[in-house]
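> Take this structure first; my questions come after.
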Amino acid sequence: MSSAVVVTPGRRLGLTQEYEPGSGTYARNGMIYASILGLRKTKQPSETSQDDLSQTQEKPTIYVERRNTKYAIPVIGSEVLARVVRINPRAASVAIMMVDSAPCQEEFQGVVRVQDIRATEKDLVQMISSFRPGDIIRAEIISLGDQRSYYLSTTKNEHGVVFAQSDAGNSMIPISWEEMQDPKTQAVEKRKCAKPMSVCSFCLAKVIRLLVLIVKQGPIPGHIAFIMDGNRRYARKSHMEKVSGGHFAGFKKLSTVLEWCKELGISNVSVFAFAINNFNRSSEEVSALMDLAEEKLIELANRSISENNRYLRIRVAGNMDLLPERVVKSAKYAEEVTKDANVMTLNVCFPYSATDEISSAIGKVVEDVEAGVLKASSIDESALEKRLKIPGPDLDILVRTSGEIRFSNYMLWQSAKMAYIQFVDVYWPEFSFFHMFKVLVSWQMALTNINKRKAQMGLPVARS
């Protein structure tokens, strides 16, 4: 059986000449498509009996396996999120993915006719200017088609496209009810947009829930790290009086990212909060960062212990000797009150550098040998690794924001063990779930090759 890949309804899986369509799929015009959210898998034909040797060899079966979760079934009047599969001048065919915030249990197809796109000037509506394949739309079910098909409407202001990618592959934002813009290329494309207010709040939350569901159909990284770069440039871009405003915005983004990781089931998160060489910055900025760290470490810890499940354990990984005593007290408090949490661990690298981490680990090895705790003959890679400031598990993904393509002396030891590196061209406070989604899906698609290379190097492989 082959390794699994996450697929969404309408995704092409293969040719009918090469595969037999199995559960969770359908065939049309010689192609096999996914009809549900789940894992794409193939099953090899069983051994052919002697009586069937004269018959044509059976083809492998391709199917989509769904994981257990809460489901809903669409009815007339339901509000749905759907993915546009294809369009023609008269109608758009869509795959219904969520009904009133819950995923569908079975395969449900929908159709948005050109007369059901807008409430006014229907004779002027063009399908190509309203929807494109791959768009995610918010719509209302207005009538039944057949047993597995529904007619949808986007005539209400709050209905229409809520997520789309430009021709350049970037996530677009609505700039009017009929236009979306690529924030990178500035290119404008026609769409029938959902009301911006809806996109920015209620509807956006639904889209994020859908994307979380899609990601969770596949393997989830056990350890993800972030180089939270771009706070100062974000402050200047936003015309803030002080760069400390950018650092405050960066902390708010960290809180949001931790919530995403909690929803996704990522159990270990490491963040580069302050580099040792950052002490070379202006005394005003360093002092503001120390104030922020003192306050926010306590805030994060208190927020964690206020949760019934005490989900977040905080570890401060860095050279504590360089910190003011007041910040050290906050760090020790955060570590102490959250030490029993076992759902997620946050490694706050502060103040940190990879060279300091490695040299410190070497020093501990020497101390342990001199103390008789470690035999000189037992010194190996694992002995050094156990004494690093950032413990396991192995790092799966390293993300750096701001567009800079460098490691900045961060987690060099951990990254060398086949971590998946992603450089995202956006300032840290602007890092969105759509960026996170792209990183995770990209890692899932690359995981098979990563595991092969890890196996060749004798390293533990991630679950695929």
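Residue numbers (this note's numbering): 1054 to 1517.
For every residue, glycine included, the Cβ atom is placed at its ideal position computed from N, Cα and C.
Predicted model only: the values in this text are computed from it and were never measured.
1) Excluding sequence positions up to five away, which residues of its chain have a Cβ less than 6 Å from the Cβ of V1167?
2) Under DSSP, the alpha helix (DSSP H) around G1416 begins and ends at which residues?
3) Could you tell me whether the Cβ atoms of V1214 and R1244 are closer together than 8 Å?
4) When we look at the beta-carbon of H1292 and count the other beta-carbons within 10 Å, is it buried (16 or more) or exposed?
5) Please classify G1077 as buried or exposed, where buried requires at least 16 neighbouring CB atoms within 10 angstroms.
6) State yes or no: is the C-beta of A999 within less than 8 Å of the C-beta of V1369?
7) Only counting the same chain, and skipping five residues up and downstream in sequence, which positions put a Cβ closer than 6 Å to that of W1496?
8) Grab me the residues of H1276's own chain with a C-beta within less than 6 Å of its C-beta, minus the 5 sequence neighbours each way, in chain order.
9) Where does N1284 land, buried or exposed, given buried means 16+ other C-beta within 10 angstroms?
10) Are the region 1457-1465 and the region 1427-1438 touching by the rule of at least three beta carbon pairs closer than 8 Å?
11) Between the beta-carbon of K1112 and the beta-carbon of E1174, is there less than 8 Å?
12) Should V1419 go down as buried or exposed, given a rule of 16 or more other Cβ atoms within 10 Å for buried?
13) When burial is assigned at 16 or more other CB atoms within 10 Å of the CB, is G1091 buried or exposed?
14) Rounded C-beta distance between I1195 and L1205? I'm assuming under 8 Å.
15) Within 8 Å, do at least three Cβ pairs link the region 1374-1381 to the region 1298-1311?
16) I'd like the span of the alpha helix (DSSP H) that includes C1402, first residue to last.
17) Report the rounded CA-to-CA distance for M1084 versus E1347, giving the unit in angstroms.
18) How would you label T1095, buried or exposed, when you count the other beta carbons within 10 angstroms and need 16 or more for buried?
19) Which residues does DSSP list as the beta-bridge partners of V1324?
20) In angstroms with no decimal places, state the Cα-to-Cα distance between F1216 and L1441.
21) With distances taken from CA atoms, which of N1372, L1068 and S1183 is nearest F1403?
22) When we look at the beta-carbon of A1148 and count the other beta-carbons within 10 Å, is it buried (16 or more) or exposed?
23) Can you have a look at T1109 and say buried or exposed, based on whether 16 or more other CB atoms are within 10 angstroms of its CB?
24) Considering only the alpha carbon of each residue, which of I1280, C1246, M1471 and S1413 lies closest to L1500?
25) Alpha carbon to alpha carbon, how far is D1393 from G1075? Give it in angstroms, no decimals.
26) As an exercise, report each continuous beta strand (DSSP E) stretch of at least 3 residues that is fully enclosed by the region 1300-1375, in chain order.
27) Please confirm whether K1237 and N1223 have their CB atoms less than 8 Å apart.
28) Alpha carbon to alpha carbon, how far is Y1116 from K1259?
29) Can you tell me the Cα-Cα spacing of K1491 and T1408, whole angstroms?
30) Helix, strand or coil for M1180? Go by DSSP, reduced to three states.
31) Just confirm the distance between the C-beta atoms of L1365 and L1399, as a whole number of angstroms; I'd bet it's less than 8 Å.
32) How long is the line joining the alpha carbons of A1341 and A1288, rounded to whole angstroms?
33) If contacts are defined as beta-carbon pairs under 8 Å, then I1367 and V1401 qualify, I think. What distance do you get, rounded to the angstrom?
34) For E1193, count neighbouring C-beta atoms within 10 Å of its own C-beta (all shown protein chains included) and say buried if the count is 16 or more, exposed if not.
35) CB F1486 to CB W1313, shorter than 8 Å?
36) Using a Cβ-Cβ cut-off of 7 Å (strictly less than) and excluding sequence neighbours within five positions of V1137, which residues of its own chain qualify?
On the basis of the supplied data:
1) For V1167, same chain residues with a beta-carbon under 6 Å away, outside a window of 5 residues either side, are R1143, V1178 and M1180 in chain order.
2) G1416 -> alpha helix (DSSP H) spans A1407 to E1423.
3) By the CB criterion at 8 Å, V1214 and R1244 fall inside the cutoff.
4) So H1292 ends up on the exposed side.
5) With 16 or more other Cβ atoms from the protein chains shown falling within 10 Å of its own Cβ, G1077 counts as buried.
6) Nothing can be reported for residue 999, as the shown portion of the chain is limited to 1054 through 1517.
7) For W1496, where only same-chain residues beyond five positions count, the Cβ hits under 6 Å are I1450 and Y1473.
8) Spatial neighbours of H1276 in its own chain (CB-CB distance under 6 Å, excluding positions within 5 residues in sequence) are listed in chain order as N1321, P1446, L1448 and D1449.
9) N1284 is buried by the Cβ-count criterion.
10) With fewer than three CB-CB distances shorter than 8 Å, the region 1457-1465 does not count as touching the region 1427-1438.
11) Result no, Cβ atoms of K1112 and E1174 do not sit closer than 8 Å.
12) By the neighbour-count rule (16 or more Cβ atoms within 10 Å), V1419 is not buried but exposed.
13) With a 10 Å radius around the Cβ and a threshold of 16 neighbouring Cβ atoms, G1091 comes out buried.
14) In this structure, I1195 and L1205 form a Cβ contact; the two beta carbons are roughly 7 Å apart against a cut-off of 8 Å.
15) With the rule of 3 Cβ pairs closer than 8 Å, the region 1298-1311 does not count as touching the region 1374-1381.
16) First-last for C1402: M1397 to C1402, but that is the beta strand (DSSP E), not the alpha helix (DSSP H).
17) Each residue's Cα considered, the two are about 58 Å apart.
18) The residue in question, T1095, is buried, as its Cβ has 16 or more Cβ neighbours within 10 Å.
19) For V1324, which the question treats as bridged, DSSP gives the partners F1279 and V1401.
20) Straight-line Cα distance between these residues: approximately 42 Å.
21) Nearest to F1403 by C-alpha distance, out of N1372, L1068 and S1183, is N1372.
22) Around the beta carbon of A1148, a 10 Å sphere encloses 16 or more other beta carbons of the protein chains shown; the residue is thus reported as buried.
23) Annotation note: pLDDT 49 at T1109 (below 50); position unreliable, coordinate value reported separately. T1109 comes out exposed.
24) Taking only the C-alpha atoms, the option nearest L1500 is M1471.
25) So the two alpha carbons sit approximately 46 Å from each other.
26) Fully enclosed beta strand (DSSP E) runs of 3 or longer: 1321-1325 and 1365-1370.
27) Yes, Cβ-Cβ distance for K1237 and N1223 is below 8 Å.
28) About 27 Å.
29) Roughly 31 Å between the two C-alpha positions.
30) M1180: helix per DSSP, three-state reduction.
31) That pair is a contact at about 6 Å.
32) Spanning the alpha carbons of A1341 and A1288 requires a straight line of approximately 14 Å.
33) Yes, they are in contact, since the Cβ atoms of I1367 and V1401 sit about 7 Å apart, within 8 Å.
34) The residue in question, E1193, is buried, as its Cβ has 16 or more Cβ neighbours within 10 Å.
35) It is a contact, given that the beta carbons lie within the stated cut-off.
36) A1145, V1147, F1184, R1185, P1186, G1187, D1188 and I1190, listed in sequence order.
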